[in-house]
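In our numbering, the protein residues as written are 192 to 423.
Now the structure itself:
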């Protein structure tokens, strides 16, 4: 749906402006014809044919202008959030036996405005890791988000404090599945900290909160696990 709106956005301005200028041009030609200017240069039948063609082209130009205006209105004036929303499941169709457990990191989409980027950086600075909706796969995020996450982890790694990772699940699933997957998300971040930052596994504890204390969406991004420091 968003791709369709992007295409419409790209063609709306040239379509509308082209239709407008063409309509003006054909209207001028039509007015010239009504004053029998062409009839003086050719036969009456030829002039009528030319006039009919100009009228048809004028109508097509008006249609193009109207379509361009509609496309512009939909793509420019409609709030961006109304075009693309995170895919939040509405029915509980999974079971705990089919929980995804892949350790690969799919790339996160980078279709954000400045305000959304700021929100993600703030979440990352507070220990958030983002997950593919409905799965236990940690997003491979953009560099500016990863740097914010690394800065937070460096503070942890520079102390002997214990680390607690809490997993969360977006709404729309059964309680059992949500609980199981939130635990897997916490475990996925634990393994990431161990492999990437060489943090001692004995310092890290994990737990899942299921759909309780649900976290905020920022476009397709959901804070599926949060790292925090506990007492020594």
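Ideal Cβ positions, reconstructed from N, Cα and C, are used throughout, including at glycine.
If you measure between the beta carbons of residue 377 and residue 349, is that distance less than 9 Å? Your numbering for residue 377 matches position 186 in the chain shown. Your numbering for residue 349 matches position 158 in the chain shown. Contact: no.
DSSP beta-bridge partners of residue 298: Here residue 298 refers to the residue found at position 107 when the chain shown is read from its first residue. Beta-bridge pairing links residue 298 to 331.
Minimum length 3: unbroken beta strand (DSSP E) runs contained in the stretch 324-409: 354-358, 395-399
Along the alpha helix (DSSP H) that carries residue 313, what are the first and last residues, could you check? Locating residue 313 in the chain shown gives position 122, counting from the first residue. 305-316 is the extent of the alpha helix (DSSP H) around residue 313.
Going by DSSP, what residues sit across from residue 417 in a beta bridge? In the chain shown, the residue the question calls residue 417 occupies position 226. In the DSSP output, where bridge partners are listed per residue, residue 417 has 319, 357.
Spatially closest choice to residue 384 from 373, 421, 341, by CA coordinates: Reading the chain shown from its first residue, position 193 is the one you call residue 384. Nearest to residue 384 by C-alpha distance, out of 373, 421, 341, is 341.
Return the bridge partner residues of residue 218 from the DSSP annotation. The residue labelled residue 218 in the question sits at position 27 within the chain shown. BP columns for residue 218 are empty, so no partner.
Distance check for residue 346 and residue 332, CA to CA, integer angstroms please. As a working note, residue 332 is residue 141 in the chain shown. As a working note, residue 346 is residue 155 in the chain shown. When rounded, the distance between both Cα atoms is 20 Å.
So, under 8 Å CB-CB, residue 318 and residue 417 are touching, yes? Tell me the CB distance rounded to an integer number of Å. Here residue 318 corresponds to residue number 127 of the chain shown, with the count starting at 1. Here residue 417 corresponds to residue number 226 of the chain shown, with the count starting at 1. That pair is a contact at about 5 Å.
Apply the 10 Å Cβ neighbour rule to residue 243 and answer buried if 16 or more other Cβ atoms are within range, or exposed otherwise. Against the chain shown, residue 243 aligns to sequence position 52. Classification for residue 243: exposed.
Throw me the rounded Cβ distance for the residue 394 and residue 354 pair, which I believe falls under 8 Å. By one-based count along the chain shown, residue 394 stands at place 203. By one-based count along the chain shown, residue 354 stands at place 163. About 5 Å separates the two Cβ atoms, so the contact holds.
How about residue 398 and residue 356: do their beta carbons lie closer than 9 Å? Here residue 398 refers to the residue found at position 207 when the chain shown is read from its first residue. Here residue 356 refers to the residue found at position 165 when the chain shown is read from its first residue. Yes, Cβ-Cβ distance for residue 398 and residue 356 is below 9 Å.
Please identify the residue among 312, 388, 414 whose C-alpha is closest to the C-alpha of residue 362. As a working mapping, residue 362 is identified with position 171 in the chain shown. Nearest Cα to residue 362 within the set 312, 388, 414: 414.
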